[in-house]
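S.K.: Can you keep this structure in mind? I'll have questions shortly.
2 protein chains.
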Amino acid sequence: MSTKPPSGTRDFLPDDIRRREYVIGVVRDVYERYGFEPLETPAFENIETLLGKYGEEGNKLIFKILKRGEHEQTGEADLALRYDLTVPLARVVAHYQNELPRFFKRYQIQPVWRADRPARGRFREFFQCDIDALGTTSQLVEVEILSAVSEILQRLGFTDFRIRVNDRRLLTALLTRSGVPPPFHDEALIALDKLDKIGFDGVEREMAARGIPPAAVSALLTVMRRATEPPKENAGHAWVLGPVASEPGAQNLSDIVTLSEQTAASGKVVVDLSLARGLSYYTGTIIEITVPDLAGSLGGGGRYDGLVGMFLGRDVPACGFSLGLERIIVVMTERGMFPPDVACGGIDAMITIWNHETRAESLALAAELRKSGLRVDVYPEADKLGKQFKYASARRAPFVAILGDDERARGEVGLKDLRSGDQTSVRRSELAATIRERLRPERGAGG
Amino acid sequence: MSTKPPSGTRDFLPDDIRRREYVIGVVRDVYERYGFEPLETPAFENIETLLGKYGEEGNKLIFKILKRGEHEQTGEADLALRYDLTVPLARVVAHYQNELPRFFKRYQIQPVWRADRPARGRFREFFQCDIDALGTTSQLVEVEILSAVSEILQRLGFTDFRIRVNDRRLLTALLTRSGVPPPFHDEALIALDKLDKIGFDGVEREMAARGIPPAAVSALLTVMRRATEPPKENAGHAWVLGPVASEPGAQNLSDIVTLSEQTAASGKVVVDLSLARGLSYYTGTIIEITVPDLAGSLGGGGRYDGLVGMFLGRDVPACGFSLGLERIIVVMTERGMFPPDVACGGIDAMITIWNHETRAESLALAAELRKSGLRVDVYPEADKLGKQFKYASARRAPFVAILGDDERARGEVGLKDLRSGDQTSVRRSELAATIRERLRPERGAGG
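Respectively, the protein sequence lines represent chains E and P.
Counting from 1, one number per residue, gives the positions in the first sequence under this note's numbering.
Counting from 1001, one number per residue, gives the positions in the second sequence under this note's numbering.
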């Protein structure tokens, strides 16, 4: 029987978890400071909740769960694993509308599952860290979200990320103005979204292959070319938006960039007219965050004013952003961005067992040290002392406490510092304080 | 389309999450102090990893996932949702045996899924909080586990829990000695496990119905009756074990009870010869923790020295315990055991929007307060002040900051305390410190 985790999934050993918890801790702390509150939803949803929300490609990537009991033989599925955190949120907002505040701001940090082909940084089980605000069309929502996400990335040590923003309404206007027939809009956006990967020539070829009229392609790409030229005289987003400044969505983008200058996102936000984003539920602002050394994005989001309406029957304006935990961790690991004390072992001290009769005394000493907040392991057997030290090293314990016959007779404990090799004798009543004191320069004690 | 979560599952709104996080925080802190390290495994396993590990009843309760793509039509399942945290641990220990320390002590706090009939405190998605120690047969493992779990329950405020222990080897010896034929051992244990629900007469009837010879039933229940009588002269577990003191497993239980007196489990551990526990993988000590006002247990566990061998080909001794998060929360909620500040709202202050032009200034003020660690919401729209206050109340914000024209002209901010109704003017540079100061008696600021 194979002992590997299923394809595209991972086991997280202790050091992995500690790195993940470090990132999640920063994410959660910043989201809380921005006034977002935690929400969690079940791992699976009724299958009809998910089907039809992610386009045809998305439907195929949904993990479906067999009906139970006698229905198992039919091969029918009635449940499906969560594919993102946005559709479950829309269901929740529709269901608990009378219990939630007028503006509902929630964060959600949970795994999602997609039956994608596994690749570097792409898994079948991966965590998303989402924030969303519902109940208002105000651009302050976009601005606060960009600020929160920027603060997270900055606290994690990222300085070179770029926030690209665009607006779905602006894209639609551009396509219409260029003469792309409405039935071809989705196809055109899929091709346009690849601009940074395949360049203008590639996009032109792909649009032709998809049957979009050449005159329309040419008109569209002329605007795009100008928009991606370097701005004249520091004109910034005004330059990019120049040719389309009066179209719907342009003022929205302009406001977002301007207001962001007052926040942690200052200097990071750029308008990118070629940004399209795949998910079909976006209706206004769309956002993506990239770093130079990662193909794909660290996260993305946007405004989806129509999604809650699919559950509720009336629209509720909404905007959100999803940070990809796995990709953040991939980049932080490759760049060596984790602080050295994040994954440096799980215990502060190990207590030896002198002989079978003194086991109870070792347990009592462990209780004293733990009471002071130290993380303490007790060696489980009355083994040779050498073996006990070897295990303490394997667990990266900085200290070993030895309750030998002589020490016990004097009310003392032998204390070995495994980092320096020094061994001293310490009064038992002072042991916890001594260990805490010596740990301090290296790292804080406690979990 | 229904907006309810699937049958047997729940959405956790912010206050629910804060209560859950409070309990999980205590669990994690204590597990860490006992030297256990975190592990997480995927939500699903290859289906053959799970099948055949939980008995026939268990197999039926496993959620199975359809193969993807063109295989979907076959109705075949190749993956299954995690049913407990122990079998995935056994797989992990087999797979990473060369990377793990000689004694591997891990904790794992993750959801599991069982297609059980939903009932009070019984869900189809529920969290388990497991600790396990692998690599040794030493009873110190059992003792440390009982101590850790006791400390958790005590820190949460439980004083009336009882830890019942028994030993599978002792049960087998008892059955054999009483003349229960080996093919009936499993049936006899299932009946015996119901003793606290249906009493001696009920067990006797059930054993008869299952075809166990009457003489054997009578012999077995005679021992059980004596074992459950009140001990004579404070003889404790020695009294209970009296008639079977020389059987295998008896010394084990006696040692565990005696050593536990040195730990946080002192006074809580009782030997109960009728405890059987359903899961088929236990081989030695078995444990269950109960409180008077909950049918079923708060958690259970035991020694399973053969399970890793099913993956590895050679046995690795192991012992563990699983705390049921949902049941702990059910009892704590019914008894009113949560500290009042656990779920008292997610923000410390809300900042109003005076008018459309001062939005940027409200954002800048929010940044200042957040920098000091406060959790701050900005009202998203330039709305009537009354509406803004109403929303702040709905979010249970203790403070509202008002950036009115007069205040801004004086470099001040209006500060309204929504708990008392008082409104004052505060120098902007002192606002964060003022809020922190006034929050202190009620609760700590920050996430």
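Yeah, the Cβ is synthetic: ideal placement off N, Cα and C, and Gly gets one too.
Please name the residues in the stretch 1375-1408 of chain P whose beta-carbon is closer than 7 Å to at least one beta-carbon of chain E, in chain order.
M.R.: Arg1375, Val1376, Asp1377, Val1378, Pro1380, Glu1381, Tyr1391, Ala1394, Arg1395
S.K.: Nearest-angstrom Cα distance between Lys268 of chain E and Val165 of chain E?
M.R.: What you label residue 268 of chain E is simply residue 268 of the first sequence in a count that begins at 1. What you label residue 165 of chain E is simply residue 165 of the first sequence in a count that begins at 1. Going from the Cα of Lys268 of chain E to the Cα of Val165 of chain E covers about 10 Å.
S.K.: Report the option in E:Phe36, E:Pro14, E:Thr290 whose CA atom is closest to the CA atom of Val141 of chain E.
M.R.: Along the first sequence, one-based indexing puts residue 141 of chain E at 141. It is E:Phe36.
S.K.: Would you call His237 of chain E buried or exposed, if buried means 16 or more other Cβ atoms sit within 10 Å of its Cβ?
M.R.: Numbered from 1 along the first sequence, position 237 holds the residue referred to as residue 237 of chain E. Counting of Cβ neighbours within 10 angstroms places His237 of chain E among the buried residues, the total reaching 16 or more.
S.K.: Just how far apart, CA to CA, sit Pro248 of chain E and Gly302 of chain E?
M.R.: Against the first sequence, residue 248 of chain E aligns to sequence position 248. Against the first sequence, residue 302 of chain E aligns to sequence position 302. Each residue's alpha carbon lies about 16 Å from the other.
S.K.: Could you tell me which chain C residues have their CB closer than 8 Å to the CB of Thr1136 of chain P, listed as they occur along the chain?
M.R.: No chain C is part of this structure, whose protein chains are labelled E and P.
S.K.: Select from P:Phe1123, P:Leu1156, P:Val1149, P:Tyr1107 the residue whose C-alpha is nearest the C-alpha of Ala1133 of chain P.
M.R.: Along the second sequence, one-based indexing puts residue 1133 of chain P at 133. Measuring from the Cα of Ala1133 of chain P, the nearest candidate turns out to be P:Tyr1107.
S.K.: Does chain E have any CB closer than 8 Å to the CB of Leu1431 of chain P?
M.R.: For the purposes of this step, residue 1431 of chain P is taken as the residue at position 431 of the second sequence. Chain E, which has no Cβ nearer than 8 Å to the Cβ of Leu1431 of chain P, makes this no.
S.K.: Using DSSP's beta-bridge definition, name the partner residues of Thr1285 of chain P.
M.R.: If you number the second sequence from 1, residue 1285 of chain P lands on position 285. DSSP output for Thr1285 of chain P lists P:Asp1167 as bridge partner(s).
S.K.: Could you check which residue in E:Leu369, E:Glu125, E:Val30 has the C-alpha nearest to that of Ile5 of chain E?
M.R.: Residue mapping note: residue 5 of chain E aligns to position 5 of the first sequence, counting from 1. Contrary to the premise, residue 5 of chain E reads as Pro rather than Ile in this sequence. Considering only alpha carbons, the answer is E:Glu125.
S.K.: Of all the options E:Glu334, E:Glu381, E:Leu100, which has the alpha carbon lying nearest to the alpha carbon of Met350 of chain E?
M.R.: Position 350 of the first sequence holds residue 350 of chain E. Nearest option by C-alpha distance: E:Glu381.
S.K.: What would DSSP say about Asp196 of chain E, mapped onto helix, strand or coil?
M.R.: Looking up residue 196 of chain E in the first sequence gives position 196. Helix at Asp196 of chain E.
S.K.: Would Ile1198 of chain P be called buried (16 or more neighbouring beta carbons within 10 Å of its own) or exposed?
M.R.: Working through the second sequence from its first residue, we reach residue 1198 of chain P at position 198. Exposed is the call here.
S.K.: Is Ala245 of chain E buried or exposed, if buried means 16 or more other CB atoms sit within 10 Å of its CB?
M.R.: If you number the first sequence from 1, residue 245 of chain E lands on position 245. When all chains shown are included, Ala245 of chain E counts as exposed.
S.K.: At a CB-CB cut-off below 8 Å, which residues of chain P make contact with Lys507 of chain E?
M.R.: Residue coverage of chain E in this structure runs from 1 to 447, which leaves residue 507 of chain E outside it and unanswerable.
S.K.: So Asp15 of chain E packs on Ala343 of chain E, CB below 8 Å; how close in whole Å?
M.R.: As a first step, residue 15 of chain E is located in the first sequence; it is residue number 15 there, counting from the start. As a first step, residue 343 of chain E is located in the first sequence; it is residue number 343 there, counting from the start. The Cβ separation is near 4 Å, so the contact holds.
S.K.: Which one of E:Arg438, E:Ser362, E:Gly346 has the shortest CA to CA distance from Glu1032 of chain P?
M.R.: Here the question's residue 1032 of chain P lines up with position 32 in the second sequence. Here the closest residue by C-alpha is E:Gly346.
S.K.: Is the shortest distance between the beta-carbon of Glu1048 of chain P and the beta-carbons of chain E less than 8 Å?
M.R.: For the purposes of this step, residue 1048 of chain P is taken as the residue at position 48 of the second sequence. Judged by the 8 Å Cβ criterion, Glu1048 of chain P is in contact with chain E.
S.K.: Since Glu1412 of chain P sits in a beta bridge, which residues does DSSP pair it with?
M.R.: Walking along the second sequence from the start, residue 1412 of chain P turns up at place 412. Beta-bridge pairing links Glu1412 of chain P to P:Arg1427.
S.K.: Taking Cβ-Cβ distances shorter than 7 Å, what residues in chain P pair up with Glu45 of chain E?
M.R.: Numbered from its first residue, the first sequence carries residue 45 of chain E at position 45. Simply Pro1006.
S.K.: Do Trp1113 of chain P and Arg1082 of chain P have their CB atoms nearer than 8 Å?
M.R.: Mapped onto the second sequence, residue 1113 of chain P falls at position 113. Mapped onto the second sequence, residue 1082 of chain P falls at position 82. With contacts defined by Cβ atoms closer than 8 Å, Trp1113 of chain P and Arg1082 of chain P form a contacting pair.
S.K.: Does the beta carbon of Thr1228 of chain P sit closer than 8 Å to a beta carbon anywhere in chain E?
M.R.: In the second sequence, counting from the first residue as 1, residue 1228 of chain P sits at position 228. Taking Cβ atoms only, chain E never reaches closer than 8 Å to Thr1228 of chain P, which makes this a no.
S.K.: Express the C-alpha separation of His1185 of chain P and Ala1215 of chain P in angstroms, rounding to a whole number.
M.R.: Sequence index remark: in the second sequence, residue 1215 of chain P carries index 215 (1-based). Sequence index remark: in the second sequence, residue 1185 of chain P carries index 185 (1-based). Cα-Cα distance, rounded: 15 Å.
S.K.: In whole angstroms, give me the CA-to-CA distance for Asn355 of chain E and Arg408 of chain E.
M.R.: For the purposes of this step, residue 355 of chain E is taken as residue 355 along the first sequence, with counting starting at 1. For the purposes of this step, residue 408 of chain E is taken as residue 408 along the first sequence, with counting starting at 1. Roughly 13 Å separates the two Cα atoms.
S.K.: Can you name the start and end residues of the beta strand (DSSP E) that Phe1126 of chain P belongs to?
M.R.: On the second sequence, residue 1126 of chain P is found 126 positions in, with the first residue counted as 1. Start and end: 1125-1134.
S.K.: Please report the straight-line C-alpha distance between Gly1444 of chain P and Gly69 of chain E, rounded to a whole angstrom.
M.R.: The residue labelled residue 1444 of chain P in the question sits at position 444 within the second sequence. The residue labelled residue 69 of chain E in the question sits at position 69 within the first sequence. With a pLDDT of only 47 at Gly1444 of chain P, under the threshold of 50, the placement of this residue in the model should not be trusted; the figure read from the coordinates follows. In a straight line, the C-alpha of Gly1444 of chain P is about 50 Å away from that of Gly69 of chain E.
S.K.: My output table needs one value for Met332 of chain E: the three-state DSSP class, helix, strand or coil.
M.R.: One-based indexing of the first sequence puts residue 332 of chain E at position 332. Here Met332 of chain E sits in helix by DSSP.
S.K.: Examine chain P for any beta-carbon lying closer than 8 Å to the beta-carbon of Ala94 of chain E, and answer yes or no.
M.R.: Mapped onto the first sequence, residue 94 of chain E falls at position 94. Yes, Ala94 of chain E lies at the interface with chain P (some Cβ there is under 8 Å from its Cβ).
S.K.: Whose C-alpha, out of E:Glu76, E:Ser425, E:Arg226, E:Cys129, is nearest the C-alpha of Asp406 of chain E?
M.R.: For the purposes of this step, residue 406 of chain E is taken as residue 406 along the first sequence, with counting starting at 1. Of the candidates E:Glu76, E:Ser425, E:Arg226, E:Cys129, the one whose C-alpha sits nearest the C-alpha of Asp406 of chain E is E:Ser425.
S.K.: Can you tell me which of P:Asp1341, P:Ala1318, P:Gly1075, P:Asp1377 puts its alpha carbon nearest to the alpha carbon of Thr1137 of chain P?
M.R.: Along the second sequence, one-based indexing puts residue 1137 of chain P at 137. Nearest C-alpha to Thr1137 of chain P: P:Ala1318.
S.K.: Check whether the Cβ atoms of Met1 of chain E and Glu1048 of chain P lie closer than 8 Å to each other.
M.R.: Sequence index remark: in the first sequence, residue 1 of chain E carries index 1 (1-based). Sequence index remark: in the second sequence, residue 1048 of chain P carries index 48 (1-based). Going by C-beta atoms, Met1 of chain E is nearer than 8 Å to Glu1048 of chain P.
S.K.: Which same chain residues, not among the five before or five after Tyr1315 of chain P, have their C-beta less than 7 Å away from its C-beta?
M.R.: Indexing the second sequence from 1 puts residue 1315 of chain P at position 315. First, the amino acid is wrong: residue 1315 of chain P is Asp here, not Tyr. The residues are Asp1305, Gly1306, Val1308, Gly1309.
S.K.: Assign Ser274 of chain E to one of three DSSP states: helix, strand, or coil.
M.R.: The residue given as residue 274 of chain E occupies position 274 in the first sequence. Note: Ser274 of chain E maps to coil in three-state DSSP.
S.K.: By the DSSP assignment, the alpha helix (DSSP H) with Asp15 of chain E in it spans what residues?
M.R.: As a position in the first sequence, residue 15 of chain E is number 15, starting the count at 1. Element bounds for Asp15 of chain E: 14-33.
S.K.: Which two residues bound the contiguous alpha helix (DSSP H) that contains Gly324 of chain E?
M.R.: Looking up residue 324 of chain E in the first sequence gives position 324. Not the alpha helix (DSSP H): Gly324 of chain E falls in the beta strand (DSSP E), residues 318-324.
S.K.: Beta-carbon within less than 7 Å of Gly447 of chain E's beta-carbon, same chain only, minus the 5 sequence neighbours each way: which residues are those?
M.R.: Translated into positions along the first sequence, residue 447 of chain E becomes position 447. Here Gly447 of chain E scores only 40 on pLDDT, less than 50, and its place in the model should not be relied on; the value that follows carries that caveat. Taken in chain order, the residues that qualify are Arg375.
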